[in-house]
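Quick mapping for you: the protein sequence lines, in order, are chains Y and H.
For the first sequence, the residue numbers in this note's numbering are 21 to 293.
For the second sequence, the residue numbers in this note's numbering are 41 to 208.
Quick reminder that beta carbons are idealized off the backbone N, C-alpha and C, glycines included.
Quick caveat, the model's predicted, so the values are computed rather than measured.
Let me begin by presenting the structure, written as structure tokens, before commenting on it.
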Amino acid sequence: MQQIINFVIRNKTFLLFLLLFVLSLALTIQSHSYHKSKFISSTNFLTGGIYNKANSIKAYFNLKKENEILVEENSRLKSLLYNYKILDENLTLIDSSFHENFKFKTATVIKNSYSHTKNYLTIDKGSNEGIKQDLGVITSKGIVGIIDNTTKNYSRVISILNTKSRINAQLKNSNHIGSLIWNTKSPEYVQLIDISKFAPVKVGDTIITGGQSSIFPKGIPIGTIATFAIDVNGDMYTLNIKLFNDMTNIGHVFIITNSDTDEIKSLEVPLDE
Amino acid sequence: MNNAVINMTFRFIVLVLVQVLILNNINFLGYINPYIYILFIILYPVKNSRTLFVFLSFLIGLSVDLFTDSGGVHAAASVFIAYIRPPILKFSFGTIYENQTIKFAQTEPGKRLIYFSILTVIHHFIIFSLEVFNMSDIILILQKTLFSSIFTILLCLLITVLFSKKPR
Numbered sequence: 021m022q023q024i025i026n027f028v029i030r031n032k033t034f035l036l037f038l039l040l041f042v043l044s045l046a047l048t049i050q051s052h053s054y055h056k057s058k059f060i061s062s063t064n065f066l067t068g069g070i071y072n073k074a075n076s077i078k079a080y081f082n083l084k085k086e087n088e089i090l091v092e093e094n095s096r097l098k099s100l101l102y103n104y105k106i107l108d109e110n111l112t113l114i115d116s117s118f119h120e121n122f123k124f125k126t127a128t129v130i131k132n133s134y135s136h137t138k139n140y141l142t143i144d145k146g147s148n149e150g151i152k153q154d155l156g157v158i159t160s161k162g163i164v165g166i167i168d169n170t171t172k173n174y175s176r177v178i179s180i181l182n183t184k185s186r187i188n189a190q191l192k193n194s195n196h197i198g199s200l201i202w203n204t205k206s207p208e209y210v211q212l213i214d215i216s217k218f219a220p221v222k223v224g225d226t227i228i229t230g231g232q233s234s235i236f237p238k239g240i241p242i243g244t245i246a247t248f249a250i251d252v253n254g255d256m257y258t259l260n261i262k263l264f265n266d267m268t269n270i271g272h273v274f275i276i277t278n279s280d281t282d283e284i285k286s287l288e289v290p291l292d293e
Numbered sequence: 041m042n043n044a045v046i047n048m049t050f051r052f053i054v055l056v057l058v059q060v061l062i063l064n065n066i067n068f069l070g071y072i073n074p075y076i077y078i079l080f081i082i083l084y085p086v087k088n089s090r091t092l093f094v095f096l097s098f099l100i101g102l103s104v105d106l107f108t109d110s111g112g113v114h115a116a117a118s119v120f121i122a123y124i125r126p127p128i129l130k131f132s133f134g135t136i137y138e139n140q141t142i143k144f145a146q147t148e149p150g151k152r153l154i155y156f157s158i159l160t161v162i163h164h165f166i167i168f169s170l171e172v173f174n175m176s177d178i179i180l181i182l183q184k185t186l187f188s189s190i191f192t193i194l195l196c197l198l199i200t201v202l203f204s205k206k207p208r
């Protein structure tokens with residue numbers, strides 16, 4: 021017994037190092053699996069508060085840019101309003117807001133990152149405002165990501181620039197669907213994989229969300245095809261997509277709540293078993 | 041002694057805040073960020089207790105992790121370089137370290153550069169390997185390590201030169 025205690029005292033630095041190193045490795049591994057990185061996140065009271073303060077200063081410098089975005093969106097909405105006679109599904113950008121089941125909430129981004137391989141945004145709305153896990157986040161131009169963690173006043177968003185993110189997407193002019201992933205190379209481009217080789221793919225075509233998950237309504241713009249290639253097996257396309265959104269500069273976002281989520285999920289659960 | 045504790049606490053908080061509020065947003069050429077919070081580990085007094093030092097390094101890494109949503113990546117790297125610091129001190133400064141009378145401001149610039157570089161490169165390599173977490177992307181890891189290390193080392197040297205008291 022004496023020897024064991026002596027051993028511990030003699031090697032206390034090494035044992036402490038081992039303990040802390042294993043602990044941080046465990047946290048790292050946990051952060052690589054979807055929906056499990058709860059403990060270490062920037063949504064807590066302290067980090068969220070500091071980011072909020074810093075952002076309130078930074079927001080002044082972006083006012084001009086934000087105004088331009090608002091004016092742009094206003095003019096787009098105006099043109100939709102005055103040309104409503106030729107309004108059809110293909111022309112509207114966020115047409116699903118006409119269905120009652122999707123509701124939009126606004127929030128401000130207080131922290132954004134795009135240089136890592138797993139990027140997250142932090143926004144200043146949390147469970148107090150009815151924000152839950154698995155809600156979609158978009159801007160007026162396109163999609164941003166999915167909420168993965170909330171506290172009372174802040175939420176964390178898995179950016180589409182995150183290797184964990186997989187979002188259902190499709191071509192605008194046909195119904196071929198695929199998954200949206202990110203190869204970490206550039207914050208301007210994401211990849212759409214598993215598009216059937218029979219799909220009519222052209223450079224410059226628009227990609228929209230597929231509406232196969234209950235998170236995003238169908239038809240939210242994502243980007244345009246920049247390049248494409250047949251993958252190694254020879255039967256699927258891998259498309260390189262230039263995003264409409266500038267992911268490096270995001271100020272205000274909309275959070276989509278789908279009141280039918282529970283109903284859709286209750287339908288889907290028995291199928292998995 | 042009390043003065044040194046306050047000094048260290050102040051340095052800890054300032055380095056974390058500067059790191060997360062300013063330096064994490066640089067993104068030079070898209071992905072190059074300096075991580076200067078490791079200055080805390082590099083410049084921690086040699087004479088103090090090693091156990092406390094390892095624990096403080098873990099804390100500073102974890103604080104940066106909290107802000108950047110990166111799990112335990114920074115904590116792991118910081119704790120690792122804190123633990124292996126003595127052999128590297130011995131390697132870069134030789135006999136001065138043996139006498140335990142080392143003052144970083146009074147060391148030769150060349151030796152200091154070697155010491156900074158070794159710790160920084162190891163730290164960055166661990167960060168990026170854990171962050172990418174995929175050995176097939178080893179080129180990406182090495183590329184990020186190389187460029188970020190250069191940036192970090194330059195900034196660290198600049199800061200130590202700027203903030204060091206003139207030897208009289």
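Closer than 7 Å at the beta carbon, the chain H residues around residue i
| i | result |
| --- | --- |
| Y/Pro237 | Neighbours of Y/Pro237 on chain H: none; closest Cβ ~27 Å, over 7 Å. |
| Y/Phe37 | Val94, Val119 and Tyr123 |
| Y/Leu45 | Gly112 and Ala116 |
| Y/Pro222 | A small fix is needed here, since residue 222 of chain Y is Lys in this sequence, not Pro. Within chain H, no residue comes near Y/Lys222; the closest Cβ sits about 28 Å away, beyond 7 Å. |
| Y/Tyr140 | Asp109 |
| Y/Thr67 | Leu106 and Phe107 |
Per DSSP, the bridge partner or partners of residue i
| i | result |
| --- | --- |
| Y/Arg176 | Y/Thr142 and Y/Asn169 |
| Y/Ile25 | None; Y/Ile25 has no bridge partner. |
| H/Ser132 | Bridge partners of H/Ser132: none, in fact. |
| Y/Asn132 | Y/Leu141 |
| Y/Ser216 | Y/Met256 |
| Y/Gln190 | Y/Ile197 and Y/Ile228 |
| Y/Ala127 | Y/Val273 |
| Y/Pro241 | Y/Ile228 |
| Y/Gln211 | Y/Ile201 and Y/Asn260 |
| Y/Ala46 | In DSSP, Y/Ala46 forms no bridge with anything. |
| Y/Gly156 | Y/Ile166 and Y/Ile276 |
| Y/Phe122 | Y/Asn278 |
| Y/Phe248 | Y/Leu259 |
| H/Phe68 | H/Ile72 |
Under 8 Å by beta carbon: chain H residues contacting residue i
| i | result |
| --- | --- |
| Y/Pro207 | Gly70 |
| Y/Arg176 | Asp109 |
| Y/Thr33 | Arg90, Thr91, Val94 and Tyr123 |
| Y/Ser62 | Leu106, Phe107, Thr108 and Asp109 |
Proximity to residue i [Cα-Cα], best of the options
| i | options | result |
| --- | --- | --- |
| Y/Thr244 | Y/Ile167, Y/Val210, Y/Asn203 and Y/Asn253 | Y/Val210 |
| H/Gln59 | H/Val86, H/Lys87, H/Leu102 and H/Ser89 | H/Leu102 |
| Y/Met152 | Y/Thr159, Y/Thr170 and Y/Ile143 | Contrary to the premise, residue 152 of chain Y reads as Lys rather than Met in this sequence. If we check each option's Cα against that of Y/Lys152, Y/Thr170 comes out closest. |
| H/Leu55 | H/Asn73, H/Ile78 and H/Ala44 | H/Ile78 |
| H/Val161 | H/Leu197, H/Val104, H/Ile190 and H/Ile199 | H/Ile190 |
| Y/Asp280 | Y/Ser234, Y/Lys138 and Y/Ser185 | Y/Ser234 |
| Y/Asp144 | Y/Tyr71, Y/Ser133 and Y/Ser199 | Y/Tyr71 |
| Y/Gly162 | Y/Ala74, Y/Asn203, Y/Glu283 and Y/Ile270 | Y/Ile270 |
| Y/Thr229 | Y/Lys85, Y/Ile284, Y/Gly156 and Y/Lys205 | Y/Gly156 |
Where residue i falls, given that 16 or more other Cβ within 10 Å makes a residue buried
| i | result |
| --- | --- |
| H/Asn47 | exposed |
| Y/Asn193 | exposed |
| Y/Leu111 | Note that Y/Leu111 has pLDDT 49, beneath the 50 cutoff, so the model's placement of it is unreliable and no number is given. |
| Y/Met21 | exposed |
| Y/Gly146 | buried |
| Y/Leu263 | buried |
| Y/Ile130 | buried |
| Y/Thr247 | exposed |
| Y/His119 | Low confidence applies to Y/His119: its pLDDT is 49, below 50, so where it sits in the model is not reliable, and the reading given next is rough at best. Label assigned to Y/His119: exposed. |
| H/Met175 | exposed |
| Y/Leu200 | buried |
| Y/Tyr174 | buried |
| Y/Pro237 | buried |
| Y/Gly68 | buried |
| Y/Ser76 | exposed |
| H/Arg208 | At H/Arg208 the pLDDT is 47, less than 50, meaning the model places this residue with poor confidence; the figure from the coordinates comes in the next sentence. Flag for H/Arg208 reads exposed. |
Chain Y residues whose Cβ lies nearer than 7 Å to that of residue i
| i | result |
| --- | --- |
| H/Leu170 | Thr48 |
| H/Arg125 | Within chain Y, no residue comes near H/Arg125; the closest Cβ sits about 11 Å away, beyond 7 Å. |
| H/Phe120 | Phe41 |
| H/Phe173 | His52 |
| H/Phe50 | Residues of chain Y passing the Cβ test: none, with the nearest at roughly 17 Å. |
Partners in chain Y for residue i, counting only beta-carbon separations shorter than 8 Å
| i | result |
| --- | --- |
| H/Asn67 | Tyr134, Ser135 and Thr268 |
Cut-off 6 Å between Cβ atoms - residues of its own chain near residue i, not counting five sequence neighbours on either side
| i | result |
| --- | --- |
| Y/Leu40 | none |
| Y/Leu107 | Model confidence at Y/Leu107 stands at a pLDDT of 49, short of 50, so the residue's coordinates are unreliable; what they give is reported in the following sentence. If we look at Y/Leu107 and ignore the five residues flanking it on each side, it has no Cβ neighbours. |
| H/Val113 | Ile167, Leu170 and Glu171 |
| H/Tyr84 | Phe93 |
Nonlocal neighbours in the same chain, by C-beta distance under 8 Å from residue i, ignoring five residues either side
| i | result |
| --- | --- |
| H/Phe50 | none |
| Y/Val63 | Correcting the residue type first, residue 63 of chain Y is Thr in the shown sequence and not Val. Contacts found: Thr142, Gly146, Asn169, Thr170, Thr171, Tyr174, Ser175 and Arg176. |
| H/Leu153 | Ile193 and Leu197 |
Sequence-distant residues of its chain with Cβ nearer than 7 Å to residue i (five each side left out)
| i | result |
| --- | --- |
| Y/Ser117 | Bear in mind that a pLDDT of 49 at Y/Ser117, under 50, signals an unreliable position, so the number given afterwards is only what the model happens to contain. Within the same chain, Y/Ser117 has close Cβ partners Phe124. |
| H/Gly111 | Asp105 |
Beta-carbon neighbours of residue i, restricted to chain A and to distances below 7 Å
| i | result |
| --- | --- |
| H/Leu61 | Of the protein chains in the structure, Y and H, none is chain A. |
Amino acids of chain H, ordered along the chain, whose beta-carbon sits closer than 9 Å to that of residue i
| i | result |
| --- | --- |
| Y/Tyr102 | Going along chain H, no residue has its Cβ under 9 Å from Y/Tyr102, so there is no contact; the nearest lies around 41 Å. |
Chain Y contact residues for residue i, given Cβ-Cβ distances below 9 Å
| i | result |
| --- | --- |
| H/Leu180 | Thr137, Thr204 and Lys205 |
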